[in-house]
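Protein chains in written order, with the working numbering: chain Y, 1 to 471; chain V, 472 to 942. This report refers to the structure that appears directly beneath it.
Protein chains: 2
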Amino acid sequence: MADWGEAAFNPSSIALVGASAKSSKLGYILMRNLLEGYPGKLYPINPGETEIMGHQAYPRLLDVPGQVDLAVIALPTEACVEAMRDCAKIGAKAALVLSGGFAEVGPDGQARQEALIEAARAGGVRLIGPNCFGLYNCNLGLNASMGLGLPPKGGSISLVTQSGAYGMAIFGLAQQRHLRFAKILSHGNKADLADHEILDYFEQDDETRVLCLFLESVSDGRAFYEALVRVAQRKPVVIAKTGRSSAGRRAAASHTAALTGDATAFVTAVRQAGAILAESGLEMVDIAEGLSRQPLPTGRRVAIITNSGGTGVELADMCERFGLSVPELPEDTQARISPLIPAYASPRNPVDVTPAWARFPEMYAGSIEALYACNEVDIIIPILLQRSALMRENVEGVSEAVLRCQREPGLAKPTYVCWVVGREGDENQAILQEAGIPVYEWPERTARTAAAIAVYAENHHARVEAANVNP
Amino acid sequence: MADWGEAAFNPSSIALVGASAKSSKLGYILMRNLLEGYPGKLYPINPGETEIMGHQAYPRLLDVPGQVDLAVIALPTEACVEAMRDCAKIGAKAALVLSGGFAEVGPDGQARQEALIEAARAGGVRLIGPNCFGLYNCNLGLNASMGLGLPPKGGSISLVTQSGAYGMAIFGLAQQRHLRFAKILSHGNKADLADHEILDYFEQDDETRVLCLFLESVSDGRAFYEALVRVAQRKPVVIAKTGRSSAGRRAAASHTAALTGDATAFVTAVRQAGAILAESGLEMVDIAEGLSRQPLPTGRRVAIITNSGGTGVELADMCERFGLSVPELPEDTQARISPLIPAYASPRNPVDVTPAWARFPEMYAGSIEALYACNEVDIIIPILLQRSALMRENVEGVSEAVLRCQREPGLAKPTYVCWVVGREGDENQAILQEAGIPVYEWPERTARTAAAIAVYAENHHARVEAANVNP
Numbered sequence: 001m002a003d004w005g006e007a008a009f010n011p012s013s014i015a016l017v018g019a020s021a022k023s024s025k026l027g028y029i030l031m032r033n034l035l036e037g038y039p040g041k042l043y044p045i046n047p048g049e050t051e052i053m054g055h056q057a058y059p060r061l062l063d064v065p066g067q068v069d070l071a072v073i074a075l076p077t078e079a080c081v082e083a084m085r086d087c088a089k090i091g092a093k094a095a096l097v098l099s100g101g102f103a104e105v106g107p108d109g110q111a112r113q114e115a116l117i118e119a120a121r122a123g124g125v126r127l128i129g130p131n132c133f134g135l136y137n138c139n140l141g142l143n144a145s146m147g148l149g150l151p152p153k154g155g156s157i158s159l160v161t162q163s164g165a166y167g168m169a170i171f172g173l174a175q176q177r178h179l180r181f182a183k184i185l186s187h188g189n190k191a192d193l194a195d196h197e198i199l200d201y202f203e204q205d206d207e208t209r210v211l212c213l214f215l216e217s218v219s220d221g222r223a224f225y226e227a228l229v230r231v232a233q234r235k236p237v238v239i240a241k242t243g244r245s246s247a248g249r250r251a252a253a254s255h256t257a258a259l260t261g262d263a264t265a266f267v268t269a270v271r272q273a274g275a276i277l278a279e280s281g282l283e284m285v286d287i288a289e290g291l292s293r294q295p296l297p298t299g300r301r302v303a304i305i306t307n308s309g310g311t312g313v314e315l316a317d318m319c320e321r322f323g324l325s326v327p328e329l330p331e332d333t334q335a336r337i338s339p340l341i342p343a344y345a346s347p348r349n350p351v352d353v354t355p356a357w358a359r360f361p362e363m364y365a366g367s368i369e370a371l372y373a374c375n376e377v378d379i380i381i382p383i384l385l386q387r388s389a390l391m392r393e394n395v396e397g398v399s400e401a402v403l404r405c406q407r408e409p410g411l412a413k414p415t416y417v418c419w420v421v422g423r424e425g426d427e428n429q430a431i432l433q434e435a436g437i438p439v440y441e442w443p444e445r446t447a448r449t450a451a452a453i454a455v456y457a458e459n460h461h462a463r464v465e466a467a468n469v470n471p
Numbered sequence: 472m473a474d475w476g477e478a479a480f481n482p483s484s485i486a487l488v489g490a491s492a493k494s495s496k497l498g499y500i501l502m503r504n505l506l507e508g509y510p511g512k513l514y515p516i517n518p519g520e521t522e523i524m525g526h527q528a529y530p531r532l533l534d535v536p537g538q539v540d541l542a543v544i545a546l547p548t549e550a551c552v553e554a555m556r557d558c559a560k561i562g563a564k565a566a567l568v569l570s571g572g573f574a575e576v577g578p579d580g581q582a583r584q585e586a587l588i589e590a591a592r593a594g595g596v597r598l599i600g601p602n603c604f605g606l607y608n609c610n611l612g613l614n615a616s617m618g619l620g621l622p623p624k625g626g627s628i629s630l631v632t633q634s635g636a637y638g639m640a641i642f643g644l645a646q647q648r649h650l651r652f653a654k655i656l657s658h659g660n661k662a663d664l665a666d667h668e669i670l671d672y673f674e675q676d677d678e679t680r681v682l683c684l685f686l687e688s689v690s691d692g693r694a695f696y697e698a699l700v701r702v703a704q705r706k707p708v709v710i711a712k713t714g715r716s717s718a719g720r721r722a723a724a725s726h727t728a729a730l731t732g733d734a735t736a737f738v739t740a741v742r743q744a745g746a747i748l749a750e751s752g753l754e755m756v757d758i759a760e761g762l763s764r765q766p767l768p769t770g771r772r773v774a775i776i777t778n779s780g781g782t783g784v785e786l787a788d789m790c791e792r793f794g795l796s797v798p799e800l801p802e803d804t805q806a807r808i809s810p811l812i813p814a815y816a817s818p819r820n821p822v823d824v825t826p827a828w829a830r831f832p833e834m835y836a837g838s839i840e841a842l843y844a845c846n847e848v849d850i851i852i853p854i855l856l857q858r859s860a861l862m863r864e865n866v867e868g869v870s871e872a873v874l875r876c877q878r879e880p881g882l883a884k885p886t887y888v889c890w891v892v893g894r895e896g897d898e899n900q901a902i903l904q905e906a907g908i909p910v911y912e913w914p915e916r917t918a919r920t921a922a923a924i925a926v927y928a929e930n931h932h933a934r935v936e937a938a939n940v941n942p
């Protein structure tokens, strides 16, 4: 049964049911998306066409001459069940149903969804959706979704999202931040595949190093929990769960027919399983960015470098508020930093280099090196604000210093940049992001993300240690 | 004594001590800033020049032929006390000392600061700073600060910030959001003018309709509290206070020599005074934006319109988490919305219009009108996500519907937009912002801001009522 994942993410052949040459149709967008990068065999299915975008079209699935790994179904609601019966007849391994109009619209839709499941199960076809946005395997060049464009290859974050539109917004945001993804799955009503089966797949998928789940509901809570425990031992899992309030639960019911369950029990289970709970989709991306790009910290002691005293104070406040500490630096580290900065500046922590902008590049890079060498610092947060962010040689200097220090054996500790400047700084921001250094806007978000990762790291180290003691 | 404010913000004449024609000098930047828009008399002071940028220069303050309302001092630290003595001799009303190197650098600086105060007080000169960024009166075209550029006129928010660089970052962010300011004051070490005197000024300043304070410390807590009570009765005051943690307090001491005091007592006092406490500088701007641009809500009931079910669920969750409610809409309102949206969409709340994008403009505008007409809704939050945000006619439709409804007598209720799209949506975002509709990115920030304003409004209405009952 586990090969639904291979069929869905690495299919040798795809049939697109409802393929169209008319640009107003979803079947047109999907055809274009699949042609853009998918290297396997593609069969467009449309009873009214013999050829679509240079590919031979077939009237029905039954007419396809070869094996179909993945059927992508983009038909009017009422035609989907019949298409699923065809999938069963030809032995398709998985079927992705993008169409809506099922359980999320009430009793009639519920009945239609049950017929869809029955048709799939009769032929051993695993159903993804219905009422969903689709899926990506970025490293393969596969875009079987409603979203336009092919993301860059080379990513290691995978995203599973029950909400199509919100999931795609998260994905869009992450791309804007130069994050790269391995796989994306939007599974909408989750009529067939259970959450634990999805976890099983991503546990085994070596291309996925960080897994993000944006959930409204969980199917089979017990099995989900057990799978989560297993996956979380192998890779970080970041979960944002909506439908936690009464209004949210009502809204989830009409959105993906989700019964969202008890919020407190869910939160407890996630934490016990060793996964990370994010408060929102945005925070989920923030945490995944830090996890995928930087080493885990070995403690909670933060060192801050800033060119704005006030921002340093706010960030120090926020770090403590979220459970990190910002201790005064040891004397030898202060002694190493002092000669770099003006006499009226502070080497204590925050290291306040003051607005002496002409010296930013040497002060920032030198302080970073001193902090990497300091055993009493676990996390380094340079604040880049206005001029220090806009000065290209300073941003390049920060990036180079971090990469240089991280190459030294035994110096693994994470750096997160706190970014406080308008959009005129975007080009410089990209320098850091492309070097793999996470950038968070403003102090609160930076501190919150660093704290979530530090708490995770602490629990993770404790688990690893316990496992070594009691094998 | 209260005319320090008039002298500082509406000076008839300014002497710039340390004016320079050399572009590497602070005195050059200030000269350019003042010339850019300040309509009054300007006297550059520099012993080595007879003319700077077309203006006659004077060797010393004592040589200026007319009255000086405001002296702006941009000199090396050690020359500032002497300049202040000159200010006293010529009877300058206020002196703004931008230079640092005073109490924030330790005992020597502290002594220098005391000499500065003594020199000022001997001549009745009110001192702003030292170690500060300067001030703006945007409506006058006065930029007496280190920041480049003249903000647009016509604003009603004033910002008082102890931290220069962070304050300017806040100001820059706010400008990017098309917010307009009345006055900005960065007062650094606050050696002379006490916080309550600053409050007194802004209480009387009719151009300031919303006052933001970004504070590290408070001078004379009792007088501050009493002034705050008075100002908060006349206009909303939003306060962000840093230096609340132990690390933050240590950093504040070396930043502006601030003794930050007891955080809990401060929080309690702010709330009792009827002011609004923001958790960060960013949240302060968010709240000020909502207060300055929209009417106050009369209750906590939120109605949400969304084209992404998942985002609607998350926003509903967040609203409840921060103390707002998202009740199911009354039947007549649902009956009015239902014909506008697809059969499988939801009119319950969130109003989920589904991804049926061709109908976005009529669905959003029509739902907004129905929600304005509904007595069981106090706050309206349209979510604009990806396509609904990128479709210009939809964004224009939302903006027009809101303005149309708000013109109707008796329909005053606030609309805040929850914005979930990348930077490709910036142009459309500006359409809303220029129409005076606040835009907040992603659900958490939107809900948090709406909740802070709703709680303030509730307390404010209660105070007004109590004042009417017990005159």
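Just so it is clear, CB atoms sit at the ideal spot from N, CA and C, and this is done for glycine as well.
Compare the beta carbon distance of Ala71 of chain Y and Ala95 of chain Y with 8 Å and say whether it is the shorter of the two.
Position 71 of the first sequence, counted from the first residue, corresponds to residue 71 of chain Y. Position 95 of the first sequence, counted from the first residue, corresponds to residue 95 of chain Y. Contact: yes.
Which residues, taken in chain order from the stretch 46-65 of chain Y, show a beta carbon closer than 8 Å to some beta carbon of chain V?
none
Are three or more beta carbon pairs between the stretch 726-742 of chain V and the stretch 815-822 of chain V nearer than 8 Å?
no
Inter-residue spacing [alpha-carbon to alpha-carbon] between Glu585 of chain V and Ser634 of chain V:
In the second sequence, the residue the question calls residue 585 of chain V occupies position 114. In the second sequence, the residue the question calls residue 634 of chain V occupies position 163. Using only the alpha carbons, I get a separation of about 21 Å.
At a cut of 8 Å, does the stretch 327-335 of chain Y reach the stretch 403-419 of chain Y through at least three beta carbon pairs?
Contact fails: fewer than three Cβ-Cβ distances are below 8 Å.
Can you give me the Cβ contacts of Asp3 of chain Y inside the same chain, cut-off strictly under 7 Å, excluding the 5 residues immediately before and after it?
Numbered from its first residue, the first sequence carries residue 3 of chain Y at position 3. Hits under 7 Å: Lys93.
Who are the near neighbours of Glu697 of chain V in its chain, counting only those whose CB is closer than 8 Å to its CB and skipping five residues on each side?
As a position in the second sequence, residue 697 of chain V is number 226, starting the count at 1. The residues are His667.
Just tell me which of V:Leu753, V:Val873, V:Asn610 and V:Glu833 has its CA closest to the CA of Pro510 of chain V.
As a working note, residue 510 of chain V is residue 39 in the second sequence. Checked all of V:Leu753, V:Val873, V:Asn610 and V:Glu833; the closest Cα to Pro510 of chain V is V:Asn610.
Which of helix, strand or coil does DSSP assign to Gln527 of chain V?
Sequence index remark: in the second sequence, residue 527 of chain V carries index 56 (1-based). Of the three classes helix, strand and coil, the one that applies to Gln527 of chain V here is strand, per DSSP.
Through-space distance from Lys183 of chain Y to Val229 of chain Y, alpha-carbon basis
For the purposes of this step, residue 229 of chain Y is taken as the residue at position 229 of the first sequence. For the purposes of this step, residue 183 of chain Y is taken as the residue at position 183 of the first sequence. If you take the alpha carbons of Val229 of chain Y and Lys183 of chain Y, they lie about 21 Å apart.
So with Cβ pairs under 8 Å, would you call Pro826 of chain V a contact of chain Y?
Residue numbering aside, residue 826 of chain V sits at position 355 when the second sequence is read from its first letter. Yes, contact with chain Y.
Burial state of Leu684 of chain V, where buried means 16 or more other Cβ atoms lie within 10 Å
Position 213 of the second sequence, counted from the start, is the residue given in the question as residue 684 of chain V. Answer is buried; the Cβ neighbour count reaches 16.
Within the 8 Å Cβ cut-off, does Cys790 of chain V reach chain Y?
For the purposes of this step, residue 790 of chain V is taken as residue 319 along the second sequence, with counting starting at 1. Closer than 8 Å to some Cβ of chain Y, the Cβ of Cys790 of chain V qualifies, so yes.
To which residues of the same chain is Gly625 of chain V closer than 6 Å at the C-beta, ignoring the five residues directly before and after it?
Here residue 625 of chain V is taken as the residue at index 154 of the second sequence, counted from 1. Excluding residues up to 5 positions away in sequence, Arg651 lie with their Cβ nearer than 6 Å to the Cβ of Gly625 of chain V in the same chain.
In DSSP terms, what Thr886 of chain V is bridged to:
For this step, residue 886 of chain V is matched to residue 415 along the second sequence. Thr886 of chain V pairs with V:Ile851.
Would Lys512 of chain V and Ser491 of chain V qualify as a contact pair, given that the criterion is a beta-carbon distance under 8 Å?
On the second sequence, position 41 is the one that residue 512 of chain V refers to. On the second sequence, position 20 is the one that residue 491 of chain V refers to. No, the pair does not count as a contact, with Cβ atoms beyond the cut-off.
When the Cα atoms are used, what is the spatial distance from Ile523 of chain V to Pro515 of chain V?
Position 52 of the second sequence, counting from 1, holds the residue named residue 523 of chain V. Position 44 of the second sequence, counting from 1, holds the residue named residue 515 of chain V. Each residue's alpha carbon lies about 7 Å from the other.
With a threshold of 8 Å, are at least 3 pairs of Cβ atoms found where one atom belongs to the stretch 106-120 of chain Y and the other to the stretch 203-212 of chain Y?
Because the criterion of three Cβ pairs below 8 Å is not met, the stretch 106-120 of chain Y and the stretch 203-212 of chain Y do not touch.
Beta carbon proximity, Ala269 of chain Y to chain V, threshold 8 Å
Along the first sequence, read from residue 1 onward, the residue named residue 269 of chain Y stands at position 269. Chain V contact via Cβ: absent.
Would you please state the rounded distance, in angstroms, between the beta carbons of Ala640 of chain V and Val420 of chain Y? I believe it to be under 8 Å.
Counting from one through the second sequence, the residue named residue 640 of chain V turns up at place 169. Counting from one through the first sequence, the residue named residue 420 of chain Y turns up at place 420. Rounded, the Cβ-Cβ distance is 5 Å, consistent with contact.
From what residue to what residue does the beta strand (DSSP E) around Phe685 of chain V run?
Numbered from its first residue, the second sequence carries residue 685 of chain V at position 214. Val681 to Leu686 is the span of the beta strand (DSSP E), which, as asked, contains Phe685 of chain V.
Rounded straight-line distance, which links the Cα of Asn865 of chain V to that of Gln46 of chain Y
For the purposes of this step, residue 46 of chain Y is taken as the residue at position 46 of the first sequence. For the purposes of this step, residue 865 of chain V is taken as the residue at position 394 of the second sequence. Looking at the sequence shown, residue 46 of chain Y is not Gln but Asn. Distance between the alpha carbons of Asn46 of chain Y and Asn865 of chain V is about 33 Å.
Please compile the residues from chain Y whose C-beta is within a distance smaller than 8 Å of the C-beta of Met639 of chain V.
Here residue 639 of chain V refers to the residue found at position 168 when the second sequence is read from its first residue. What Met639 of chain V touches in chain Y, judged by beta-carbon distance under 8 Å, is Gln386, going in chain order.
Please list the segments of the beta strand (DSSP E) lying wholly inside the stretch 26-91 of chain Y, counting only runs of 3 or more residues, in order along the chain.
41-45 and 70-73
By Cβ distance, which residues of its chain are closer than 7 Å to Ala263 of chain Y, with the 5 residues on each side in sequence left out?
Mapped onto the first sequence, residue 263 of chain Y falls at position 263. Taken in chain order, the residues that qualify are Arg244.
In whole angstroms, what is the alpha-carbon distance linking Glu203 of chain Y and Phe266 of chain Y?
Position 203 of the first sequence, counting from 1, holds the residue named residue 203 of chain Y. Position 266 of the first sequence, counting from 1, holds the residue named residue 266 of chain Y. Cα to Cα, Glu203 of chain Y sits roughly 20 Å from Phe266 of chain Y.
Looking only at C-alpha atoms, which of V:Ala844, V:Thr713 and V:Ala918 sits nearest to Glu879 of chain V?
Indexing the second sequence from 1 puts residue 879 of chain V at position 408. For Glu879 of chain V, the nearest C-alpha among the options comes from V:Ala844.
Using the C-alpha atoms, what's the distance from His931 of chain V back to Val313 of chain Y?
On the first sequence, residue 313 of chain Y is found 313 positions in, with the first residue counted as 1. On the second sequence, residue 931 of chain V is found 460 positions in, with the first residue counted as 1. Looking at the two C-alpha atoms, the distance is approximately 31 Å.
The stretch 794-822 of chain V: positions lying closer than 8 Å to chain Y by Cβ:
Ser796, Val797, Pro798, Glu799, Ala814, Tyr815, Ser817, Arg819, Asn820 and Pro821
With a CB to CB cut of under 7 Å and the five nearest residues on each side skipped, what residues in its chain are close to Glu867 of chain V?
The sequence position of residue 867 of chain V within the second sequence is 396, counting from 1. If we look at Glu867 of chain V and ignore the five residues flanking it on each side, its Cβ neighbours are Ile902.
Beta-carbon within less than 6 Å of Phe360 of chain Y's beta-carbon, same chain only, minus the 5 sequence neighbours each way: which residues are those?
Stepping through the first sequence from its first residue, residue 360 of chain Y is reached at position 360. Answer for Phe360 of chain Y: Ser388, Met391 and Asn394, listed in chain order.
From the DSSP output, which residues share a beta bridge with Thr306 of chain Y?
Residue mapping note: residue 306 of chain Y aligns to position 306 of the first sequence, counting from 1. According to DSSP, Thr306 of chain Y bridges with Y:Asp352.
Mapping the DSSP letters down to three states, classify Thr735 of chain V as helix, strand or coil.
Locating residue 735 of chain V in the second sequence gives position 264, counting from the first residue. Helix.
Taking DSSP as the reference, what is the three-state secondary structure of Thr632 of chain V?
Taking the second sequence and counting its residues from 1, the one referred to as residue 632 of chain V is at position 161. Here Thr632 of chain V sits in strand by DSSP.
Would the stretch 487-504 of chain V and the stretch 596-604 of chain V be scored as touching if the rule is three or more Cβ pairs under 8 Å?
no
Over the uninterrupted beta strand (DSSP E) stretch that includes Phe652 of chain V, give me the two end residues.
The residue given as residue 652 of chain V occupies position 181 in the second sequence. Phe652 of chain V -> beta strand (DSSP E) spans Phe652 to Ser657.
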